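Please read the structure below before turning to the comments.
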Amino acid sequence: MTVQDAHAPDERREREETELPMGVGRVSRGWIAFVGLAFLGVVVGIIGFLTEQGQGLVGTGMRDLGTMGGATWGLYITLVIYFVGVSFAGIMIAALIRLFNLEHLKGIARMAEVMTVVALLLGALAIIVDLGKPVRGVVNLFRYARPQSPFFGTFSLVITGYLFSSLVYMYVTARRDAAVLAARPSKLQGFFRAWSAGYEDTADQRARDRRTTFWLALAILPVLVVATSSLGLVFGLQVGRPGWFGTLQAPAFVVLAGVSGIGHIIVLAAIVRHALHQEDRIGVDAFAWLGRFLMTLLFVYCYFVAVEIFTTIYQPAVAEQRIGDALLTGRYAWLFWGSIVTLVVPALLLAWMAIKKQWRIGWLVAIGVIVNLGALAKRYLIVVPSQTHGQLLPYGEVGTYSPTWVEYAVMIGLFSLGALLVAIFMKIFPIIELADADTDPDVDDGGAERPEAHEMEKEVVS
Amino acid sequence: MTRRGVITMAMIVVGLLLMGYGYFGGAAQWCADAVSCSNPRVEWSPAIFVLGVIVAFSSALYYTVAKDEVTDEVARGKQQ
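Here's what the structure looks like:
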């Protein structure tokens, strides 16, 4: 044995003690390539936005209702609803995990919190790009928003209250990890020290953290439902807009929000599990729980859609019939039936996996992606056809709307920005909560495999 | 109740009061038909509502981060 070999274990131990966990502070070639690609997407989005600012909204496919035979809400509003939906499920799952102490899901709690904050930022940006004069629009919201309007709930609860409470929640739940990492010498030590804000790992502090997260979760959950419902009510309360007016809009918004958000969490959890080799912390039981939850929401949403279609075709007024025809057999039929397939087939696949008790992560990821495409299409169909085909005034029967390259560029930019923010977060803070064994030497559990998870792993043929 | 608890509760109450003031200071809800009722009766009332939401949720930050000298020292003493 050489002298070099004899020193190797010491060096490894030293490296383990000083290196930050979960790849924090270290970048790989794959990460750089991913971030480069995402950055390129953001640049595309900025070009789209600047073009829109230069030309005005005429650079988009949006036109006035009636007189110009178009739609004033298009892809941007579709994206607002979509991103708020994604954020809904993220913080809901995180809150449920803390409220009911769902141990097997703790590995996904922080990524759900991060996803919520990022999705809300993207939702807010999607509103801003939809405004002809963004600065004036934002300032006027703070000056003149009317409490009578459901927009008031959307603006005050979703964009501000919801975002702020999610940030507070994420900060509080991550403070202990920040304190642990602040004790290790690294380039990010100052950042961790600032985040931990003098955290001392005493029993009293832990009890206080538990109380805080419990009450925060309890306060956030009703805010979530009210906020997401208010977004549904923006459509559901418009009595003069056939296709929108209805009691099912608010609950359907909440349920579809859960569908798209859980789909996202599944995909993100699978990526993190694979990239950071965290098979023990994010077990198959976590995916099984998410899969069962997603299946339930999908069946509930399919029921809503069936009721909606039946009500539309049973004995509709003229404008409702026009929208119904456009959706079922007309211009939007391919998108409508496509979205139905992307929601029904995953629901059946999930039911099959639940019956067989075989949760395949690859399948779940595919389902997560597919239901998100379906949810995006469904939102587009909620927003657009009622404007193009639901005209009650005699301006001509139908209008048209097709997004331009500007809108597609902004959409690419928003999705890329989301991916970029999550990727950067993963390199400055652990995306998975540190196990107790990492932070407290007296506790011998942490990352240990749970027996039930092990049993489940055996059942699965990946 | 400790000083921390008192201040936390005070922040929640102030937050709720600001939300109420901001909400009812907005366009009057009981005369929605009159044009004169369209504008907020209190300048920047939606911003006041949002400030209330922020103050209320900030109470959680204060509760976890603020030092409560007596109990913290006792806890440290117990650990040692």
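For the record, the sequence lines run as chains A and L.
So that you can map any letter, position 244 of the first sequence is 244 in this note's numbering, and since no number is skipped, the others follow by simple counting.
So that you can map any letter, position 44 of the second sequence is 44 in this note's numbering, and since no number is skipped, the others follow by simple counting.
C-beta: ideal position from N, C-alpha, C; glycine also.
Quick caveat, the model's predicted, so the values are computed rather than measured.
Residue i to residue j span [Cα, whole Å]
i, j, result
"MET353 (chain A)", "TRP359 (chain A)", "6 Å"
"GLY309 (chain A)", "VAL300 (chain A)", "What sits at residue 309 (chain A) in the sequence shown is Ile, not Gly. Those two C-alpha atoms are separated by around 14 Å."
"VAL365 (chain A)", "ARG110 (chain A)", "19 Å"
"LEU290 (chain A)", "GLY5 (chain L)", "37 Å"
"ILE361 (chain A)", "TYR380 (chain A)", "29 Å"
"VAL267 (chain A)", "TYR171 (chain A)", "24 Å"
"VAL307 (chain A)", "ALA252 (chain A)", "11 Å"
"LEU385 (chain A)", "VAL223 (chain A)", "The amino acid at residue 385 (chain A) is misidentified as Leu; the sequence shows Pro. Cα-Cα distance, rounded: 30 Å."
"VAL284 (chain A)", "LEU122 (chain A)", "30 Å"
"TYR62 (chain L)", "LEU102 (chain A)", "26 Å"
"VAL318 (chain A)", "LEU221 (chain A)", "40 Å"
"LEU57 (chain A)", "TRP215 (chain A)", "44 Å"
"TRP244 (chain A)", "LEU392 (chain A)", "13 Å"
"ASP325 (chain A)", "ARG331 (chain A)", "9 Å"
Burial state of residue i (16 or more Cβ within 10 Å)
i, result
"TYR162 (chain A)", "buried"
"PHE100 (chain A)", "exposed"
"PRO185 (chain A)", "exposed"
"TYR314 (chain A)", "exposed"
"VAL371 (chain A)", "buried"
"ILE424 (chain A)", "exposed"
"TYR395 (chain A)", "exposed"
"ALA203 (chain A)", "exposed"
"LEU37 (chain A)", "exposed"
"HIS274 (chain A)", "exposed"
"ALA488 (chain A)", "Residue 488 (chain A) lies beyond the residue range present for chain A, which begins at 1 and ends at 462; the question has no answer from this structure."
"SER166 (chain A)", "buried"
"LEU348 (chain A)", "exposed"
"ARG211 (chain A)", "exposed"
Contacting residues, own chain, Cβ-Cβ under 7 Å from residue i (five flanking each side not counted)
i, result
"GLY70 (chain A)", "MET62, ARG63, ASP64, GLY399, THR400, TYR401"
"THR51 (chain A)", "GLY59, VAL406"
"GLY137 (chain A)", "LEU131"
"GLN189 (chain A)", "ALA182"
"SER229 (chain A)", "ALA250, PHE253, VAL254"
"VAL55 (chain L)", "MET11, VAL14, GLY15, LEU18"
"ALA351 (chain A)", "MET295"
"VAL226 (chain A)", "GLY153, LEU157"
"TYR82 (chain A)", "SER260, ALA375, LEU376, ARG379"
"ILE97 (chain A)", "LEU105, LYS106, ALA109"
Close Cβ partners of residue i (< 6 Å) along its chain, the five nearest in sequence each way excluded
i, result
"ALA145 (chain A)", "PHE152, PHE155"
"LEU51 (chain L)", "LEU18"
"VAL44 (chain A)", "ALA409, ILE412, GLY413"
"VAL255 (chain A)", "LEU297, VAL300, TYR301"
"SER83 (chain L)", "A question about residue 83 (chain L) goes unanswered here, because the residues of chain L that appear run from 1 up to 80."
Residue closest to residue i, alpha-carbon to alpha-carbon, out of the options
i, options, result
"MET19 (chain L)", "A:LEU157, A:THR78, A:ALA95, A:GLY85", "A:LEU157"
"ILE32 (chain A)", "A:ALA419, A:LEU434, A:LEU348", "A:ALA419"
"PRO346 (chain A)", "A:THR329, A:ALA112, A:ILE367, A:LYS356", "A:ILE367"
"VAL14 (chain L)", "L:MET1, L:TRP30, L:PHE49", "L:PHE49"
"VAL80 (chain A)", "A:LEU343, A:GLY246, A:THR342, A:VAL234", "A:VAL234"
"ALA112 (chain A)", "A:PHE415, A:ILE91, A:VAL239", "A:ILE91"
"SER149 (chain A)", "L:SER58, L:VAL65, L:SER38, L:VAL42", "L:SER38"
Minimum Cβ-Cβ distance from residue i to chain L less than 8 Å
i, result
"GLY190 (chain A)", "no"
"VAL172 (chain A)", "yes"
"LEU141 (chain A)", "yes"
"ASP177 (chain A)", "no"
"GLN148 (chain A)", "yes"
"GLY161 (chain A)", "yes"
"ALA448 (chain A)", "Note that ALA448 (chain A) scores 41 on pLDDT, short of 50, meaning its location in the model is unreliable and no value can be drawn from it."
"VAL255 (chain A)", "no"
"SER165 (chain A)", "yes"
"TYR144 (chain A)", "yes"
"LEU122 (chain A)", "no"
"ARG98 (chain A)", "no"
"THR212 (chain A)", "yes"
"LEU298 (chain A)", "no"
Residue i at chain A interface by Cβ criterion, 8 Å
i, result
"TYR23 (chain L)", "yes"
"LEU18 (chain L)", "no"
"ALA27 (chain L)", "yes"
"ILE7 (chain L)", "no"
"TRP30 (chain L)", "no"
"VAL65 (chain L)", "yes"
"VAL55 (chain L)", "no"
"ALA60 (chain L)", "yes"
"ALA10 (chain L)", "no"
"ALA47 (chain L)", "yes"
"VAL42 (chain L)", "no"
Cβ neighbours of residue i in the same chain (closer than 8 Å, five flanking residues each side left out)
i, result
"ALA286 (chain A)", "HIS104, LEU105, GLY107, ILE108, ALA269"
Beta carbon proximity, residue i to chain B, threshold 8 Å
i, result
"VAL13 (chain L)", "Any reference to chain B falls outside this structure, whose protein chains are A and L."
Cβ-heavy atom distance, residue i to the ligand PLP, below 7 Å
i, result
"LEU348 (chain A)", "The ligand PLP is absent from the structure shown, which contains no ligands of any kind."
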